[in-house]
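**Student:**
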Amino acid sequence: MEGTLMNAMWIGVIGASIALFLLRYSGYLVPEKFLTNPRMLRINTLIPIALLSALVGVQTLTVKGKWVLDQRLAGVIVALIALRLKAPYFVVVISAAVTSAVIYRIK
Amino acid sequence: MSRVNRATASQSLSVSFAVGLYGIAFGAAGIAAGFSILQTCLLSLLTFSGASQFAVVGVMGAGGSALSGIATASLLGIRNTLYGLRMAPILKVKGWKKVVAAQITIDESTGVAIGQEDLGLDAMKQGFWLTGFGVYVLWNFFTVIGSLGAEAMGNPSAWGLDAAVPAAFLGLVWPRLLGKFERTLAVTALVIAILLSPYIEAGLPIILTALLAVFFGWKERS
Chain A
27 MEGTLMNAMW IGVIGASIAL FLLRYSGYLV PEKFLTNPRM LRINTLIPIA
77 LLSALVGVQT LTVKGKWVLD QRLAGVIVAL IALRLKAPYF VVVISAAVTS
127 AVIYRIK
Chain B
54 MSRVNRATAS QSLSVSFAVG LYGIAFGAAG IAAGFSILQT CLLSLLTFSG
104 ASQFAVVGVM GAGGSALSGI ATASLLGIRN TLYGLRMAPI LKVKGWKKVV
154 AAQITIDEST GVAIGQEDLG LDAMKQGFWL TGFGVYVLWN FFTVIGSLGA
204 EAMGNPSAWG LDAAVPAAFL GLVWPRLLGK FERTLAVTAL VIAILLSPYI
254 EAGLPIILTA LLAVFFGWKE RS
């Protein structure tokens, strides 16, 4: 089990690296009109919004496919407040970590 | 290429430092998700795209398959293709230089290059190369620091790393939520992914929200 998990991670690392390189390199090869369709451009700006938001939700409220309510939610709420107060990215991440760690240690 | 423009150089450097520092957060996230130091550092060296790297460790750390991780990273990385399209006529690179240019084609190098438009083509090229290499070196340096630090800390939860990862994603998506339309998409995607999580393989709930983005983007907004 340990071995297969390790292999999966290596596949993830190498696979993502190859995929990203091909995506980048293809930009230097394909004719421009190919990807400048307004609908494509619109969808392209929306995809990161959907995926990143989904990741926020899954990372905050689930553990291995199960709903779990714990200290992470408090951390992310604090991050949300920090963002609303226009705090820099680093403050946002650190404030979430500190909040979550404090609650974890008190429990 | 002519002499380096001072304004372009200073902008490239400040962007490189600001962005490179986040490498600490990624390094820590990689370890927290169960990746080794070597794997975490290779993601920064080879994948070299913040959101995509976070996606690989985020999806696989939550139990998703390698394929889900790669697919999510790729969907997040499509914008780099568009940056390449934009930069190709400006850089006019050939052979191995094209390979190097592709590898450092990211949000920041493209952004700084386009920001130099008023200063001319040479400044745009300088902005691209300086920012691309600057972020590359610093991002990788700080990934090493972050992963070593997290490895030394041990239990990720005790140090709040379990909340730092979603907070990092939140910080990445926040500047993109420009209006009500974007915020509606974000909240819908977040809720759907959480609701689907217990029922389908980890990673899939995230990838499926890309369809939601297609649905939202299909019709032109008035």
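Going down the list, the sequences are from chains A and B.
Under this note's numbering, the first residue of the first sequence carries the number 27, and numbering increases by one thereafter.
Under this note's numbering, the first residue of the second sequence carries the number 54, and numbering increases by one thereafter.
Virtual Cβ for every residue (Gly too), placed ideally from N, Cα, C.
If you're wondering where the values come from, they're calculated on a predicted model, not measured in any experiment.
Indicate whether at least one CB of chain B lies closer than 7 angstroms to the CB of lysine 112 of chain A.
**Tutor:** Lysine 112 of chain A does not count as touching chain B.
**Student:** Among B/Gly185, B/Met206, B/Ile131, whose alpha-carbon lies nearest the alpha-carbon of valine 152 of chain B?
**Tutor:** The residue with the shortest Cα to Cα distance from valine 152 of chain B is B/Gly185.
**Student:** What are the residues in the segment 120 to 131 of chain B lying within 7 angstroms of chain A by C-beta distance?
**Tutor:** If the cut-off is 7 angstroms between Cβ atoms, the segment 120 to 131 of chain B has Gly122, Ile123, Thr125, Ala126, Ser127, Leu128, Leu129, Gly130, Ile131 near chain A.
**Student:** Taking CB distances under 7 angstroms as the criterion, tell me whether serine 102 of chain B reaches chain A.
**Tutor:** Chain A contact via Cβ: present.
**Student:** Residue range of the alpha helix (DSSP H) that tyrosine 54 of chain A falls in?
**Tutor:** Tyrosine 54 of chain A -> no alpha helix (DSSP H), and no H or E assigned at all.
**Student:** Since asparagine 133 of chain B and serine 102 of chain B are thought to touch, with beta carbons under 8 angstroms apart, how far apart are those beta carbons, to the nearest angstrom?
**Tutor:** Yes, they are in contact, since the Cβ atoms of asparagine 133 of chain B and serine 102 of chain B sit about 6 angstroms apart, within 8 angstroms.
**Student:** From B/Ala239, B/Tyr189, B/Phe268, pick the residue whose C-alpha is nearest to that of phenylalanine 70 of chain B; which is it?
**Tutor:** Cα-wise, what sits closest to phenylalanine 70 of chain B is B/Tyr189.
**Student:** Given this structure, state the Cα-to-Cα distance separating aspartate 215 of chain B from glutamine 85 of chain A, to the nearest angstrom.
**Tutor:** Those two C-alpha atoms are separated by around 8 angstroms.
**Student:** In chain A, which residues lie with their C-beta within 7 angstroms of the C-beta of lysine 151 of chain B?
**Tutor:** Residues of chain A passing the Cβ test: Tyr54.
**Student:** Determine whether the Cβ of arginine 32 of chain B lies closer than 7 angstroms to any Cβ atom of chain A.
**Tutor:** The requested residue 32 of chain B does not occur in the structure, where chain B is confined to residues 54 to 275.
**Student:** Report yes if the C-beta distance between valine 109 of chain B and glycine 122 of chain B is below 7 angstroms; otherwise report no.
**Tutor:** In this structure, glycine 122 of chain B lies closer than 7 angstroms to valine 109 of chain B by Cβ.
**Student:** Should tryptophan 271 of chain B be labelled buried (16 or more other beta-carbon atoms within 10 Å of its own) or exposed?
**Tutor:** Counting Cβ neighbours within 10 Å, tryptophan 271 of chain B comes out exposed, since fewer than 16 surround it.
**Student:** Tyrosine 130 of chain A: which of A/Leu55, A/Ala105, A/Ala100 sits nearest, CA to CA?
**Tutor:** Tyrosine 130 of chain A has its Cα closest to that of A/Ala100, out of A/Leu55, A/Ala105, A/Ala100.
**Student:** Report the CB separation of alanine 105 of chain A from leucine 231 of chain B in whole angstroms; it is logged as a contact under 8 angstroms.
**Tutor:** No, alanine 105 of chain A and leucine 231 of chain B are not in contact; Cβ-Cβ is about 19 angstroms, not under 8 angstroms.
**Student:** Look at the alpha carbon of phenylalanine 181 of chain B and the alpha carbon of alanine 166 of chain B, and state the distance between them as a whole number of angstroms.
**Tutor:** Going from the Cα of phenylalanine 181 of chain B to the Cα of alanine 166 of chain B covers about 5 angstroms.
**Student:** Roughly how many angstroms lie between the CA atoms of methionine 113 of chain B and phenylalanine 79 of chain B, to the nearest whole one?
**Tutor:** Whole-angstrom Cα-Cα distance: 14 angstroms.
**Student:** From methionine 27 of chain A to isoleucine 75 of chain A, what distance separates their C-alpha atoms?
**Tutor:** Reliability fails at methionine 27 of chain A, whose pLDDT of 45 lies under 50, so the model's placement of it is uncertain and the value that follows must be treated cautiously. Straight-line Cα distance between these residues: approximately 35 angstroms.
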